[in-house]
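In the numbering used here, the protein residues as written are 44 to 296.
Now the structure itself:
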């Protein structure tokens, strides 16, 4: 229902009832902020190896797997590599009970922009998947979210979330935790910009494919140093092509 409100000296204002989905999102975001101590840490990452792989193997990857080779899939693989060594970010905390539950499985949630509002389905057991498997899994849950074909199990049991705000042009973001999770990673837009590389006599400026990874974490369980170490691990995995290149599963073609 839409209601028009008129006021002296101001433009007309349309007042609309919130949709059921928007009402749920609003309540959950407010509860998340009220129920945890949230901070965000950011780190700049060189996506040059990823973009080079897309240029060299993107068409072959799509032909084999039916989905695009996106930076998001590589970041997801890097997150899955890093989380077992930084388990406080794949956990939930119960302050009243004085306990923390550390998840052995990684059910990786992905924030999906849909006509109905934000949905966060998750790819189950993401740690068992290759880059190719993650790319297919992300495409599957995102597609079904936009087509309103998600099952209840698709949005239950998530342990860590990634939001690809860079796909809509955002460079930096401070995402809100998908409670009761203790970590959410925002992937910024990959941009070509000048970067100082090398040191001493070898120091120079080069144009690189750079993006920011922004981690919001629950400071009740995760310290700033923990967040920095996790981001550094993810950065290292993204920038080191040999770590994930074999996971493309495109054969020799």
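Ideal Cβ positions, reconstructed from N, Cα and C, are used throughout, including at glycine.
Run through DSSP, which three-state label would residue i get?
i: residue 223; result: coil
i: residue 205; result: strand
i: residue 90; result: coil
i: residue 102; result: helix
i: residue 296; result: Since pLDDT at residue 296 reaches only 48, below the 50 mark, its modelled position is unreliable, and no value is offered.
i: residue 141; result: coil
i: residue 64; result: helix
i: residue 200; result: coil
i: residue 290; result: helix
i: residue 132; result: helix
i: residue 160; result: strand
i: residue 272; result: helix
i: residue 285; result: helix
i: residue 149; result: coil
Check whether the Cβ atoms of residue i and residue j sit closer than 8 Å, and answer yes or no.
i: residue 209; j: residue 230; result: yes
i: residue 148; j: residue 168; result: yes
i: residue 204; j: residue 163; result: yes
i: residue 112; j: residue 178; result: yes
i: residue 222; j: residue 110; result: no
i: residue 233; j: residue 94; result: yes
i: residue 180; j: residue 166; result: yes
i: residue 135; j: residue 258; result: no
i: residue 266; j: residue 89; result: no
For residue i and residue j, what's the separation of their Cα atoms in angstroms?
i: residue 287; j: residue 278; result: 13 Å
i: residue 159; j: residue 249; result: 42 Å
i: residue 272; j: residue 125; result: 9 Å
i: residue 151; j: residue 54; result: 44 Å
i: residue 133; j: residue 69; result: 24 Å
i: residue 244; j: residue 217; result: 37 Å
So residue i and residue j are supposed to be a Cβ contact under 8 Å. How far apart are they, rounded?
i: residue 174; j: residue 281; result: With a Cβ gap of about 11 Å, residue 174 and residue 281 do not count as contacting.
Notebook entry, point to check: Looking at C-beta atoms only, is the number of pairs between the region 123-138 and the region 222-242 that lie closer than 8 Å three or more?
Noted result: Short answer: they touch.
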